[in-house]
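Have a look at the structure below before the remarks.
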Amino acid sequence: MTHPLLWRRRDAAALLAGLAVSPAFAQFRVEVTGVGLTQLPIAIAPFRGEAQAPQKIAAIVTADLERSGQFRPVDAAGSSLDETSRPDLTPWRQRNADSLVVGSASRLADGRWDVRFRLWDVVKGQDLGGQSFAVTAGDLRLAAHRISDFIYEKLTGEKGVFSTRIAYVTKGGNNYNLWVADSDGENAQSALASTEPIISPAWSSSGSQLAYVSFESRKPVVYVHDVSSGRRRLIANFKGSNSAPAWSPDGRTLAVTLSREGGSQLYTIDAGGGEPRRLTQSAGIDTEPVYSADGRQIYFVSDRGGAPQIYRMPPTGGNPERVTFTGNYNISPALSPDGRWLAYISRISGQFKLQVMELSSGAVTSLTDTSADESPSFAPNSRLIVYATRQGGREALMTTTLDGKIKARLAGQGGDIREPDWGPFQK
Amino acid sequence: MRSLYKPRAILAASLFALSLGAAGGAQAALFEDDEARRAILDLRQRMDAQRLASERDAEAQRAELAQLRRSLLDLQTQIETLRGEVARMTGQNEQLLKDTAELQRRQRDIATGMDERLRKMEPAKVSVDGREFIADPLEARDFETALGTFRKGEFPAAQTQFGDFIKRYPQSGFRPTALFWLGNAQYANRDYRGAITNFRALLQSAPEHSRAPEAVLSIANCQIELKDTAGARKTLDELVKTYPQSEAAGAAKERLARLR
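In order, the protein sequence lines correspond to chains A and B. Going by numbering that gives the first Met the number 0, 335 is the number at position 336 of the first sequence; the sequence numbering is gapless. Going by numbering that gives the first Met the number 0, 127 is the number at position 128 of the second sequence; the sequence numbering is gapless.
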């Protein structure tokens, strides 16, 4: 059978035999590969004074908006406008821009940066508002993401996810690292470094904690890690393997896969630790649990029917109902926060492909043309999916829109990068 | 194992018996050497036999154990096979459940669609001019079409359509009403004689019809148009007499007053 911890493209043996390339994290770049049908053309003028700042605000905002698939950047090079200008919108209309962003970044006496911007509706000639932030140099990227969120929400009516965070794992040589990065993959901070594998990071719904599986004691053990303090606690270290943690939406419970009574089965454990309660009773392998956003279902993978498929059941256990019927190998379920979509990985003629199912109709769409997709995770606004894959011979983190039309590559130069998990909206 | 001890016990007992005998023989010289030798040989023989027997036992047990081990392995394989079989059947069952649900849904959809389509073709109860009767959907549609044409004021077309209707559905529950509107269309088209014929046909076939008094009044109107004042008066008199409570009777009285 497959690896009992999780069904995944690479098992632990493969994890141990990866390539020895050290990752370079400053090289993330948006590579939009698709063409959307309705994209809003937007011009983002260089922010006045940003040349002296350590981060180029306009470039970050442009990349953010482009990656969302909802915007098409219009060239704004050479413009010398800022948020105080009353811009002549005629040239922007001629360039077919619907919106214009202007702003500035200036250094304050205390060393912080004052970032200001204003958004213009070019078509109607209207001022759509602006904001200002006084931030440290280290938070300039965050300020840029917040500007992107403002623009996104103003122009699409939905919340932006640019200031949210993504956790992922890299392997360089024999060093494993768990990173917490901005939604564009940049600004990564190491949460944990180990010479043994780290897998399955999972954000709590508050975004303050990460659960993950670490092999540092030479066997899979589940930890919960406080992101701000770096303190962590052991949640599951029972006989056999402890794996695949998933948070309940209220943050009180973790669903995990344990093999303490023989085969791999699902259990729940209080987030503070304690005695696990067994959820499933099957002769097969039950693993990869994930809660629905309303907390009413746990989706998981089981081979009780002879091949791994995705099932769901109430969070207290009970009769599981099979969800996937297309193909004979479906693993790694992820649920959209709006409850409408199920993303998962399907093995189709030997290739591992990211699929998305509309839960109300059961209709399934294949989203990628890559063949080694894994670990899908939804953005908190349910508009994008981040996943790991191999593209052009390199490991990569990608984002895709739910129609698969716009994809962006978040990965740096080579190295093993995988297991992304998209965190919640920042409170 | 226990059987291995047995020969030794027997041997001990025999030796004990021998020593007893020897003790006795000191005085009585009871045992000759030959006798002793025979006894020893005998004992040896018996011991050999015992040993052979126990070896055979052990061999049999080893064979039995091997047999057991084989059948255990067999059982294990069978359990594995069964487990696989159960998984396969579980999967099949899940698929069947899903297929059944899907079929049920589709069947419901088809049934609903069919009902809707059949309803369009099945005769249904209709109510016209206070009368209830069963009519074919097509028949009802043709009637409504003709009435629609009349209401639009397209009287020649209405005359054709009502005329066709009466020919096509001679037994129709709509017939009296159709005759009434046909007469009216003809009146509008100045075909007064034709109109009178159809109003009379209505009166003859359904004298109690709610449109009957109006039909009589209409006949009188036709007669007036045809300058048959005497005939009109007679018709109006009949109307007042036959349908005294009707609205048309009131109109007839007024008309009579003017005609006199």
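Every residue, glycine too, gets a C-beta built ideally from N, C-alpha and C.
- Task: May I have the straight-line CA-CA distance separating residue 424(A) from residue 281(A), to the nearest angstrom?
- Result: 36 Å
- Task: Alpha carbon to alpha carbon, how far is residue 200(A) from residue 96(B)? Give it in angstroms, no decimals.
- Result: 35 Å
- Message: Could you check whether the segment 369 to 382 of chain A touches the segment 335 to 355 of chain A, counting it as contact only if at least three pairs of C-beta atoms, one from each stretch, sit closer than 8 Å?
- Response: yes
- Between residue 89(B) and residue 332(A), what straight-line distance do the alpha-carbon atoms span, to the nearest angstrom? 21 Å
- Where do the N-terminal and C-terminal ends of the beta strand (DSSP E) with residue 352(A) fall, by residue? 350 to 357
- Just checking my contact of residue 177(A) with residue 187(A) at CB under 8 Å: how many whole Å lie between their CB atoms? Actually they are not in contact, since the Cβ atoms of residue 177(A) and residue 187(A) sit about 10 Å apart, beyond 8 Å.
- Other residues of its chain near residue 252(A): CB distance less than 8 Å, five sequence neighbours each side excluded: 246, 267, 268, 269, 270, 314
- Query: Roughly how far, in whole angstroms, is the beta-carbon of residue 218(B) from the beta-carbon of residue 241(B), given that I think they are within contact range, below 8 Å?
  - Reply: Residue 218(B) to residue 241(B), Cβ: 12 Å. No contact.
- Message: DSSP three-state label for residue 321(A), please.
- Response: strand
- Task: Please check if any C-beta of chain B sits within less than 8 Å of the C-beta of residue 303(A).
- Result: yes
- Tell me whether residue 141(B) is buried or exposed, calling it buried when 16 or more other Cβ atoms sit within 10 Å of its Cβ. buried
- Query: Pick from 241(A), 196(A), 223(A), 288(A): whose alpha carbon is nearest that of residue 334(A)?
  - Reply: 288(A)
- Query: Would you say the segment 118 to 132 of chain B touches the segment 148 to 161 of chain B, given that touching needs at least three Cβ pairs under 8 Å?
  - Reply: no
- Proximal residues of chain B, C-beta to C-beta of residue 321(A) below 9 Å: 90, 93, 94, 96, 97
- Task: Can you pull the chain A residues whose beta carbon is under 8 Å from the beta carbon of residue 85(B), in chain order?
- Result: 282
- From the DSSP output, which residues share a beta bridge with residue 377(A)? 384(A)
- Tell me, please, which residues DSSP counts as bridged to residue 70(A). 39(A)
- Task: Please classify residue 225(B): is it buried, with 16 or more other beta-carbons within 10 angstroms of its beta-carbon, or exposed?
- Result: exposed
- Message: Taking the beta strand (DSSP E) that residue 268(A) belongs to, which residues open and close that run?
- Response: 264 to 269
- Cα-Cα, which of 272(A), 249(A), 197(A) is closest to residue 295(A)? 249(A)
- Query: By how many angstroms is the C-alpha of residue 363(A) removed from the C-alpha of residue 137(B)?
  - Reply: 44 Å
- In the structure shown, what three-state DSSP assignment does residue 363(A) receive? strand
- Going along chain A in order, which residues have a C-beta closer than 7 Å to the C-beta of residue 82(B)? 282
- Query: When burial is assigned at 16 or more other CB atoms within 10 Å of the CB, is residue 69(A) buried or exposed?
  - Reply: buried
- Below-8 Å beta-carbon distance, residue 299(A) vs any chain B residue: no
- For the segment 114 to 128 of chain A and the segment 83 to 99 of chain A, state whether three or more C-beta atom pairs, one from each stretch, are separated by less than 8 Å. yes
- Task: Run through the segment 133 to 191 of chain B for me and flag every whole alpha helix (DSSP H) of 4 or more residues, listed as ranges in chain order.
- Result: 136 to 150, 154 to 167, 174 to 187
- Paired residues, beta bridge with residue 417(A) - DSSP: 168(A)
- Task: Report the residue ranges of all beta strand (DSSP E) runs contained in full by the segment 271 to 342 of chain A; include only those spanning at least 3 residues, in chain order.
- Result: 285 to 290, 297 to 301, 308 to 312, 329 to 334
- For residue 310(A), the nearest candidate out of 214(A), 302(A), 298(A) (CA to CA): 298(A)
- Residues near residue 102(A) in its chain [Cβ-Cβ closer than 8 Å; skip 5 each side]: 44, 46, 47, 56, 57, 81, 82, 114, 115, 116, 117, 129, 146
- Query: According to DSSP, what are the bridge partners of residue 59(A)?
  - Reply: Paired residues: none, contrary to the question.
- Could you name the residues of chain B that residue 306(A) contacts, counting a contact when the two beta carbons are closer than 8 Å? 90
- Query: In the segment 323 to 345 of chain A, which residues sit with their C-beta less than 8 Å from some C-beta in chain B, listed in chain order?
  - Reply: 324
- Task: May I ask you to verify whether the segment 386 to 393 of chain A touches the segment 146 to 161 of chain A, counting CB pairs closer than 8 Å and requiring at least 3?
- Result: no
- Cβ atoms of residue 175(A) and residue 197(A): under 8 Å apart, would you say? yes
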